[in-house]
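Notes to accompany the following structure.
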Amino acid sequence: MLNKNFFYQNKFLFGILILIIFSFLISFDVYVHVYDGHHHGLIFSNAIDLLEGKKPYKEIWIQYGFLTTFLHSLIINIFGNKLLYINIFTIVVYITSVLFISLTVKKLTNNFYAFITFFIIICNHPIPWLPWANYISLLFLTIAIYLLQFKLNKFQYLAGIFLGLVCLSRENYFFFIFPFILILFVLPFLNKGSKALSYRIAFNVFFGFLIPLFIFF
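Residue 911 is where the sequence shown starts when you use our numbering, and the numbers rise one by one after that.
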């Protein structure tokens, strides 16, 4: 049987869970009652066009990134031909992104600061406004940052892969992500520690970054 000690020991976990439910419910309520014919319509029509076999960048004007349109088309193909499902997907993506930010803070500090981080972000931006590519790219970016906290090669490869997915979700992010990866190759000159380790991390991230881009092209 659950006792008071269990809730006390996991108070930060329950606090974050309450914030997740709060954010989801108010976001869902907004999406049920609000429709933007231009922005919502653009996202939805792109996904429909892709499902109908139209060629990206030739027959479809994809404004942000192919992966965003592909994921939206996958959602309505699985759950049904309704914009609401894309909106629910956006809510889940956004909340998961904030959760990964909180997990990164937890790994660097402790549970208390992780909860405060989650609380501040959700209170400042409780509703993911419109099913933008920003939220999808944010998810991949926060996962990549979290994975970079681990020293194992496989996590560094995965971090690079997710950074590649960021660029495929919103293409102009390439102009920020790619210079960041190049900087990783400069850091060994500034690092007093093991240069071999720093170069290994840089190469692992760079190799992982190229994988989704090569698959895309």
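For glycine and all other residues, C-beta sits at the position ideal for the given N, C-alpha and C.
No experiment lies behind these values; they were computed from the predicted model shown.
Outcome for residue i when other beta-carbon atoms lying within 10 angstroms are tallied against a minimum of 16
i	result
Thr1019	exposed
Leu927	exposed
Tyr945	exposed
Ala1054	buried
Asn1106	A quick correction: the sequence has Ala, not Asn, at residue 1106. Looking at its Cβ environment, which holds fewer than 16 other Cβ atoms inside 10 Å, Ala1106 is exposed.
Met911	Residue placement at Met911 cannot be trusted, given a pLDDT of 48 that sits under 50; what the coordinates show is reported in the next sentence. Result: exposed.
Phe1072	buried
Asn1114	buried
Leu923	exposed
Ile1011	buried
Tyr1056	buried
Ile1111	buried
Phe980	buried
Tyr1004	buried
Phe1022	exposed
Leu935	exposed
Pro1122	buried
Phe1025	buried
Leu1051	buried
Phe954	buried
Anticipated Cβ contact below 8 Å, residue i with residue j, distance rounded
i	j	result
Phe976	Phe1126	7 Å
Ile986	Ile996	6 Å
Tyr941	Leu994	7 Å
Ser983	Ala957	4 Å
His866	Leu1040	This structure does not reach residue 866, given that the chain is present from 911 up to 1127, and the question cannot be answered.
Beta-carbon gap between residue i and residue j smaller than 9 Å
i	j	result
Thr1006	Leu952	no
Gly990	Tyr1067	no
Leu1092	Ser1047	no
Ile998	Phe938	yes
Gly925	Phe1029	yes
Tyr1045	Thr1000	yes
Tyr974	Arg1080	yes
Gly1070	Phe1116	yes
Leu851	Ser1108	Past the boundaries of the shown model lies residue 851; the chain is included only from 911 to 1127, so the question cannot be answered.
Cys1077	Phe1090	no
Residue i - containing alpha helix (DSSP H), residue span
i	result
Lys968	Lys968 -> no alpha helix (DSSP H), and no H or E assigned at all.
His949	949–961
Tyr997	A small correction: the amino acid at residue 997 is Asn; Tyr does not occupy that position in the sequence shown. Looking at the DSSP string, the run of the alpha helix (DSSP H) that includes Asn997 is 993–1018.
Val942	921–943
Phe1127	Note, Phe1127: premise wrong, no alpha helix (DSSP H); not H, not E.
Asn987	976–989
List, from N- to C-terminal side, the alpha helix (DSSP H) runs of 4 residues or more that fit wholly inside the region 1020–1080.
1021–1034, 1043–1057, 1063–1079
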